[in-house]
Amino acid sequence: MQFSNPHNIPQVLVDAMLDDDYTRGDAELSVTQLISPPRIVILQERFKHNMVVDIATRVPSLMGRVLHKICEQYAPPEAITEERLFATVDGMKISGAVDLQIPKPNGKWAIHDYKLTKSYAAMDEKIEWEQQLNIYAHLMSLNGREVDELKIVAILKDWQKKLVDVKAGYPPCQVMTIPIRLWTPEEQVNFTRSQIVNHRKAREALDKGLPIEACSETARWVRDETWALMKEGRNAAIKLYDNPYDAEAAAAEKGDEFFVTYRPGTPIRCAGNYCGVAEFCRVWRSDPRYTP
Numbered sequence: 060m061q062f063s064n065p066h067n068i069p070q071v072l073v074d075a076m077l078d079d080d081y082t083r084g085d086a087e088l089s090v091t092q093l094i095s096p097p098r099i100v101i102l103q104e105r106f107k108h109n110m111v112v113d114i115a116t117r118v119p120s121l122m123g124r125v126l127h128k129i130c131e132q133y134a135p136p137e138a139i140t141e142e143r144l145f146a147t148v149d150g151m152k153i154s155g156a157v158d159l160q161i162p163k164p165n166g167k168w169a170i171h172d173y174k175l176t177k178s179y180a181a182m183d184e185k186i187e188w189e190q191q192l193n194i195y196a197h198l199m200s201l202n203g204r205e206v207d208e209l210k211i212v213a214i215l216k217d218w219q220k221k222l223v224d225v226k227a228g229y230p231p232c233q234v235m236t237i238p239i240r241l242w243t244p245e246e247q248v249n250f251t252r253s254q255i256v257n258h259r260k261a262r263e264a265l266d267k268g269l270p271i272e273a274c275s276e277t278a279r280w281v282r283d284e285t286w287a288l289m290k291e292g293r294n295a296a297i298k299l300y301d302n303p304y305d306a307e308a309a310a311a312e313k314g315d316e317f318f319v320t321y322r323p324g325t326p327i328r329c330a331g332n333y334c335g336v337a338e339f340c341r342v343w344r345s346d347p348r349y350t351p
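Printed below as a string of structure tokens:
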């Protein structure tokens, strides 16, 4: 991977952002990779020497590392911080670094994971957080520690006090502790295995020269998709709906000359190149929504 500095960020910050000692160890996949779409993981591995990344995009990573270092310094003495755990599941070695493992009086453990994120992330249910922490719990169980509590400690970098009383569901504080649903051991095992199967299938397809399955619309962070209520003989939509059910009900109520057309939203992850490999992805480059 190569880095550019088109905004002339001071070299001291550039050096700090490049001084990242992250490693997944000798594992085939990290937990972050395991819960990611296989297509993204494969493209990142395949084109890592061709990727040119604006160093400014590493600022959130730098801020996250600073947060983790400070939290590690002030963790309870009985806790385990930033431990990378390894386990082999169905023949594949995986690893994950758990921010904070806290022993409890009942002999079990709590996992706390720090997130430097935006306020909207704390307002929505992020399935990725639930997946990540439950695989961590599974890794801990495979290393002899039973987990009975999962929490995200979210530091909201864009939090605004003035929005607390005017925006429904807005976080009341800049730091939020969010309980995460703990899956059953069977759910943890089944999900981990299913993700391993998906990644193996993608690698086998690559080895055979076959197409790799595209990322789902959810994984592509599609936003603002709408269902347009249309009328025969008219080009403009009568009304836009954010779900198909209300749109179909309106069309049925108005009569046979009315129908519904789906208008796809914008795949934010692709359009913003948040995966880092959008320019190498044939699926995205062939998408009608793609703009060079």
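Per the numbering used here, the sequence shown starts with residue 60, numbered consecutively. By construction, the Cβ of each residue, glycine as well, lies at the ideal position given by its N, Cα and C atoms.
### Query
Who are the near neighbours of Arg-98 in its chain, counting only those whose CB is closer than 8 Å to its CB and skipping five residues on each side?
Excluding its 5 nearest sequence neighbours in each direction, Arg-98 has C-beta neighbours in its own chain below 8 Å: Ala-261, Ile-271, Glu-272, Ala-273, Cys-274, Cys-340, Val-342, listed in chain order.
### Task
With a 10 Å radius around its C-beta and 16 neighbouring C-beta atoms as the bar for buried, classify Cys-232 as buried or exposed.
Exposed is the call here.
### Task
Out of Ile-239, Pro-164, Asp-217, Pro-135, state which residue places its alpha-carbon closest to the alpha-carbon of Ala-196.
Considering only alpha carbons, the answer is Ile-239.
### Under 8 Å between C-beta atoms of Val-90 and Ile-194
Using a Cβ distance threshold of 8 Å, Val-90 and Ile-194 count as a contacting pair.
#### Entry: Extent of the continuous alpha helix (DSSP H) run through Ile-99
Start and end: 97-105.
### Task
Would you mind stating whether Arg-282 and Thr-325 have Cβ atoms separated by less than 8 Å?
Contact: yes.
### Message
Per the DSSP calculation, Lys-290 is bridged to which residue(s)?
### Response
Under DSSP, Lys-290 shares a beta bridge with Phe-317.
### Task
In angstroms with no decimal places, state the Cα-to-Cα distance between Ala-50 and Ala-309.
Since the displayed the chain opens at 60 and closes at 351, residue 50 lies outside it and no answer follows.
### Query
For Tyr-179, which of helix, strand or coil comes out of DSSP?
In this structure, Tyr-179 counts as helix in the three-state DSSP scheme.
### Message
By the three-class DSSP mapping on this structure, what secondary structure does Ile-194 have?
### Response
Of the three classes helix, strand and coil, the one that applies to Ile-194 here is helix, per DSSP.
### Task
Take Tyr-333 as the anchor and find which of Ala-278, Asp-305, Ala-296 has the nearest alpha-carbon.
Taking only the C-alpha atoms, the option nearest Tyr-333 is Ala-278.
### Query
What separation, rounded to the nearest whole angstrom, lies between the Cα atoms of Asp-207 and Ile-255?
Roughly 24 Å between the two C-alpha positions.
### Task
Please name the residue in Arg-328, Lys-267, Lys-313, His-258 whose C-alpha comes closest to that of Met-151.
Closest by C-alpha distance to Met-151, out of Arg-328, Lys-267, Lys-313, His-258, is His-258.
### Task
Please state if the CB of Lys-290 and the CB of Phe-317 are separated by a distance shorter than 8 Å.
Yes; because the gap between Cβ atoms is below 8 Å, this pair is in contact.
### Message
With a threshold of 8 Å on Cβ separation, who are the neighbours of Ile-94 within its own chain once the five nearest residues in sequence on each side are excluded?
### Response
Result list for Ile-94: Glu-187, Gln-190, Gln-191, Ile-194, Gln-254, in chain order.
### Task
Would you tell me roughly how many angstroms separate the C-alpha atoms of Ile-161 and Lys-128, rounded to the nearest one?
Rounded to the nearest angstrom, the two C-alpha atoms are 17 Å apart.
### Task
Assign Ser-120 to one of two classes, buried (16 or more other C-beta atoms within 10 Å of its C-beta) or exposed (fewer than that).
Residue burial annotation: Ser-120 is exposed, with fewer than 16 other C-beta atoms found within 10 angstroms of its C-beta.
### Query
Three-state secondary structure (DSSP) at Thr-82?
Three-state DSSP puts Thr-82 in coil, outside helix and strand.
### Query
Out of curiosity, what's the CA-to-CA distance linking Gln-103 and Val-111?
Distance between the alpha carbons of Gln-103 and Val-111: 12 Å.
### Query
Thinking C-alpha only, which one of Lys-210, Glu-184, Pro-65 is nearest Asp-113?
Nearest Cα to Asp-113 within the set Lys-210, Glu-184, Pro-65: Pro-65.
### Test item: CB-CB of Gly-228 and Met-182 under 8 Å
Note that the C-beta distance between Gly-228 and Met-182 is below 8 Å.
### Beta-carbon contacts of Gln-247 that lie in its chain and below 8 Å, excluding the five residues immediately before and after
Once the five neighbours on either side are set aside, the close Cβ partners of Gln-247 are Asn-193, Ile-194, Ala-196, His-197, Ser-200.
### Message
Only counting the same chain, and skipping five residues up and downstream in sequence, which positions put a Cβ closer than 6 Å to that of Ala-330?
### Response
Same-chain partners within the cutoff: there are none.
#### Entry: Residue from Gln-132, Arg-252, Arg-322, Val-212 with nearest C-alpha to Trp-286
Ranked by Cα distance from Trp-286, the options Gln-132, Arg-252, Arg-322, Val-212 are led by Arg-322.
### Residues that Gln-254 bridges to, as DSSP identifies them
BP columns for Gln-254 are empty, so no partner.
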